[in-house]
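S.K.:
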Amino acid sequence: MRLVLVQWLRFVAVGVSNTLLSTLVFAALFHLGVHYLLASSVAFALGALNSYVLNRRWTFRSHDRRAPELARFACVQIVGLGVDLALLSGLVEVAGIPHVVAQVLAFPAASVVMFALSRQWAFKTGRTAVGSG
């Protein structure tokens, strides 16, 4: 159980770093005159790359082959986005919850799903070692 808790905390820390990185990249690109949709796409891609690298090395300590692992990771990201959007839509459209509040409620649920899929599938070989570093 300790291993799962440590991995969860690391996963959350990586998520925070992704959010900060994506926000800073978006703001910088937008400030430089890049169209907001392109800026958001670039920021999202860099955040996802950061997530893959940090979760592979630090959270799950995976040593699996990169190509299949990266493909599984991409699938997890898509599933997570789908869960987030489905919950967000349901909370806004069905429950009538304000958009920002709904996102605050939907995001943790999507994160739990993404953590479980990352741990059990995307980074399956790295779940036995935690260590520091």
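Residue numbers for the sequence shown follow my numbering, beginning at 211 and rising by one.
Note that beta-carbon positions come from the ideal geometry of N, C-alpha and C, so glycine has one too.
No experiment lies behind these values; they were computed from the predicted model shown.
Who are the near neighbours of F283 in its chain, counting only those whose CB is closer than 6 Å to its CB and skipping five residues on each side?
M.R.: Y262 and A332
S.K.: According to the neighbour-count rule (16 or more other Cβ atoms, all chains shown, within 10 Å of its Cβ), is S299 buried or exposed?
M.R.: exposed
S.K.: If you measure between the beta carbons of Q287 and A258, is that distance less than 8 Å?
M.R.: yes
S.K.: Determine contact between the segment 268 to 277 and the segment 214 to 223, defined as no fewer than three beta-carbon pairs at a distance below 8 Å.
M.R.: yes
S.K.: Can you give, in chain order, each stretch of the alpha helix (DSSP H) that sits fully within the segment 266 to 324 and has at least 4 residues?
M.R.: List check, alpha helix (DSSP H) in window: 276 to 299.
S.K.: Out of Y246, L213, V289 and N265, point me to the one whose CA is closest to G225's CA.
M.R.: N265
S.K.: Quick check: V314 and V293, are their CB atoms within less than 8 Å of each other?
M.R.: no
S.K.: On the three-state DSSP scale, how would you describe H245?
M.R.: Reduced to three states, the DSSP call for H245 is coil.
S.K.: How big is the Cα-Cα spacing for L230 and S250?
M.R.: 13 Å
S.K.: Mind checking whether F236 and A223 have CB atoms under 8 Å apart?
M.R.: no
S.K.: How many Å lie between T338 and A238 at the Cα?
M.R.: Its pLDDT being 44, under 50, T338 is placed unreliably by the model, and the measurement read from it follows with that caveat. Cα to Cα, the separation comes out at about 39 Å.
S.K.: Is T233 near D274, with beta carbons less than 8 Å apart?
M.R.: no
S.K.: So which of L297, E303 and C285 has the shortest CA-CA distance to A326?
M.R.: C285
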